[in-house]
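K.L.:
Below is the structure I would like to discuss, written out as structure tokens.
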Amino acid sequence: MDLSAQLDPVLAVARASAHEVDATARFPEEAVAALRASGLLGLTLPTEVGGLGGGPHELAEVVSSLASACGSTAMIYMMHVSAAMSVAAAPPPGLPELLPELVSGQALASLALSEAGSRSHFWAPVSQSQRNGAGVRLQARKSWVTSAGHADVYVTSTLTADANTVDIFAIPAETSGVTVAGQWHGLGLRGNASAPMAVDVQVPESYRLGAAGGGFDLMLQTVMPWFNLGNAAVSIGLCQAALDAAVQHTSAARLEH
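Numbering (our numbering), first residue to last: 1097 to 1353.
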């Protein structure tokens, strides 16, 4: 699959703002806008819903190229794909327009899984939901969420009411009770806005991805493969950019002695 027509304009925008994005720790709005317009937010989503139908190879190509241009943009994109693939695997019936919006670029998604109490085991949340007559009450403090305050929807995990299984909900950003709860102070990738978030929301059960208690399997079978592949591709792209910069520097150097 030749993606140069979609990817090259995004790379040009991302590369132009990369230094300032990292130096000032600002979200790369221009690069994300270019991604929205490019069709690449639907890269791995099925053609049946308007996506490009790409697979792991295409994802690695796009993410590593983005990372060579702007690491923050690559991380934002990788997290979107991981979240979008979860929605595609188990579409929430209460949000029928979500998948088309993810394909078109109207919606930028992110994962809200990690919690301080579960350390690096993002598949094991400690927050717990409660069912009531109006749906589900979900209260959680997520230790870091990429694109915090900038994504349009957050794919969010929580323990079920009996604490034996995990549910995953798609929570639109405009839902009352979704807030950024701190700042992102990264050593690098400073523009990807991986800030902590507080979630205290009431949502319909129809916002759940898949069957009740199916969140753990969804994370293992869908989230982790795409997340791990994308994360590795970010690292490869950063390493390639570092190598290219080193070669350029040493090739241009003129030593007097």
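We put the beta carbon where it would ideally sit given N, CA and C, even for glycine. All figures in this text were calculated on a predicted structure; none of them were measured in a lab.
Check the DSSP bridge columns for N1228 and list the partner residues they point to.
P.N.:
G1231
K.L.:
Strictly by DSSP, which residues pair up with P1268?
P.N.:
In DSSP, P1268 forms a bridge with V1249.
K.L.:
Using a 10 Å radius around the Cβ and a threshold of 16 neighbouring Cβ atoms, would you call C1166 buried or exposed?
P.N.:
buried
K.L.:
Could you please give the first and the last residue of the uninterrupted beta strand (DSSP E) stretch that includes P1292?
P.N.:
1291 to 1299
K.L.:
So the candidates are D1258, G1333, A1338; which of them puts its Cα closest to the Cα of R1227?
P.N.:
D1258
K.L.:
Bridge partners for A1205 per DSSP, in chain order?
P.N.:
V1249
K.L.:
DSSP has D1263 in a bridge; who is on the other side?
P.N.:
T1254
K.L.:
Name the two residues that bound the continuous alpha helix (DSSP H) containing T1346.
P.N.:
1320 to 1348
K.L.:
Classify T1355 as helix, strand or coil using the three-state DSSP reduction.
P.N.:
Outside the shown range of the chain (1097 to 1353) lies residue 1355, about which nothing can therefore be said.
K.L.:
L1103 and S1161 - do their beta-carbons sit closer together than 8 Å?
P.N.:
yes
K.L.:
Ends of the beta strand (DSSP E) at T1120?
P.N.:
No beta strand (DSSP E) contains T1120, which is instead part of the alpha helix (DSSP H) from 1100 to 1120.
K.L.:
For M1293, is the classification buried or exposed, using 16 other Cβ atoms within 10 angstroms of its Cβ as the cut-off for buried?
P.N.:
buried
K.L.:
Kindly confirm or deny that the region 1310 to 1325 and the region 1218 to 1226 touch, where touching means at least three C-beta pairs closer than 8 Å.
P.N.:
yes
K.L.:
For E1193, name the three-state secondary structure that DSSP assigns.
P.N.:
DSSP places E1193 in coil when its eight states are reduced to three.
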